[in-house]
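Student: Next up is a structure, given as C-alpha cells.
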Amino acid sequence: MSDCLFCDIVARTLPATIVHDDGAVLAIRDINPQAPVHVLVLPHEHIESAATLTAAHDGLWAQMLHMAQAIARDEGIEQSGYRLLTSIGRDGGQTVPHLHLHLLGGRHMMWPPG
Ligand code: 5GP
Ligand code: ZN
Numbered sequence: 000m001s002d003c004l005f006c007d008i009v010a011r012t013l014p015a016t017i018v019h020d021d022g023a024v025l026a027i028r029d030i031n032p033q034a035p036v037h038v039l040v041l042p043h044e045h046i047e048s049a050a051t052l053t054a055a056h057d058g059l060w061a062q063m064l065h066m067a068q069a070i071a072r073d074e075g076i077e078q079s080g081y082r083l084l085t086s087i088g089r090d091g092g093q094t095v096p097h098l099h100l101h102l103l104g105g106r107h108m109m110w111p112p113g
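In numbering that gives the first Met the number 0, the protein residues as written are 0 to 113.
Given below as C-alpha cells:
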C-alpha cells in the first residue's frame with residue numbers, strides 16, 4: 000500500500016469498480032455516487048491536481064478527456080449532457096490529492112455547486 004488511495008487502486012492493491020483502463024488512464028465508479036452516473040477518470044501517474052500539470056502532461060490530460068467522452072457515450076448520457084469537473088486543493092473541495100476528473104450525469108446538474 001502507498002500513502003495514496005488512487006495509486007493503490009491503480010496498482011490493484013485496493014479494490015474498485017473499474018470502468019476502463021488504457022494503461023495510462025483509469026476510470027472507476029465513485030464509491031459515494033452523487034448522480035446516477037459518477038465515474039472518476041484518473042492518470043496512473045501520481046499527479047497531485049490539475050494545478051501541478053505541466054506542458055509535459057498535455058497528452059495525458061487530453062487522454063483523460065477523451066476517455067471521459069467515450070464513457071459518456073457508453074453510459075448513454077452523451078445526448079442528455081453531463082458535467083466534467085476537477086477539484087483543486089482545500090477550497091476547491093479536493094479530498095483525494097491525486098488528479099481526477101469527475102464525470103457526473105443521468106440527472107440535471109445545479110449551479111452553483113456547493
Ligand atoms: P475529490 O473530493 O477529491 O474531488 O473527489 C474524491 C472522490 O473520490 C469522492 O467523490 C469520493 O467519493 C471518491 N472516493 C473516495 N475514496 C474512494 C475509494 O476508496 N474508492 C472509490 N471508488 N472512490 C473513492
Ligand atoms: Zn496517487
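Glycine included, C-beta positions come from ideal geometry on N, C-alpha and C. Note that this is a predicted model, so its numbers are computed, not measured.
Whole angstroms are fine: how far does the CA of Q68 sit from the CA of E77?
Tutor: So the alpha carbons of these two residues sit roughly 8 Å apart.
Student: Quick check on L64: does DSSP put it in helix, strand or coil?
Tutor: In this structure, L64 counts as helix in the three-state DSSP scheme.
Student: At a threshold of 7 Å, does H56 count as lining the ligand ZN (C-beta to nearest heavy atom)?
Tutor: No, the Cβ of H56 stays beyond 7 Å of every heavy atom of the ligand ZN.
Student: Compute the Euclidean distance between the alpha carbons of V38 and W60, then round it to the nearest angstrom.
Tutor: So the alpha carbons of these two residues sit roughly 16 Å apart.
Student: Nearest to R106 by CA position, among A26, R82, L98, is which residue?
Tutor: Measuring from the Cα of R106, the nearest candidate turns out to be R82.
Student: Whole-angstrom Cβ separation of M63 and H19, contact assumed at under 8 Å?
Tutor: Their Cβ separation, rounded to whole angstroms, is 11 Å, which puts M63 and H19 out of contact at 8 Å.
Student: What number of angstroms, rounded off, separates the C-alpha of S79 from the C-alpha of G104?
Tutor: Between S79 and G104, the C-alpha separation is close to 8 Å.
Student: Starting from V9, trace the beta strand (DSSP E) in both directions and tell me its first and last residue.
Tutor: Careful: V9 lies outside any beta strand (DSSP E), inside the alpha helix (DSSP H) at 4-9.
Student: Please classify G105: does DSSP put it in a helix, a strand, or coil?
Tutor: Note: G105 maps to coil in three-state DSSP.
Student: Quick check on I17: buried or exposed, where buried means 16 or more other Cβ atoms within 10 Å of its Cβ?
Tutor: With fewer than 16 other Cβ atoms within 10 Å, it is exposed.
Student: In the DSSP output, what is A71 paired with across the bridge?
Tutor: DSSP output for A71 lists no bridge partner at all.
Student: Spatial neighbours of T12 within its chain, please: C-beta separation below 7 Å, excluding the five flanking residues on both sides.
Tutor: Here the set comprises M0.
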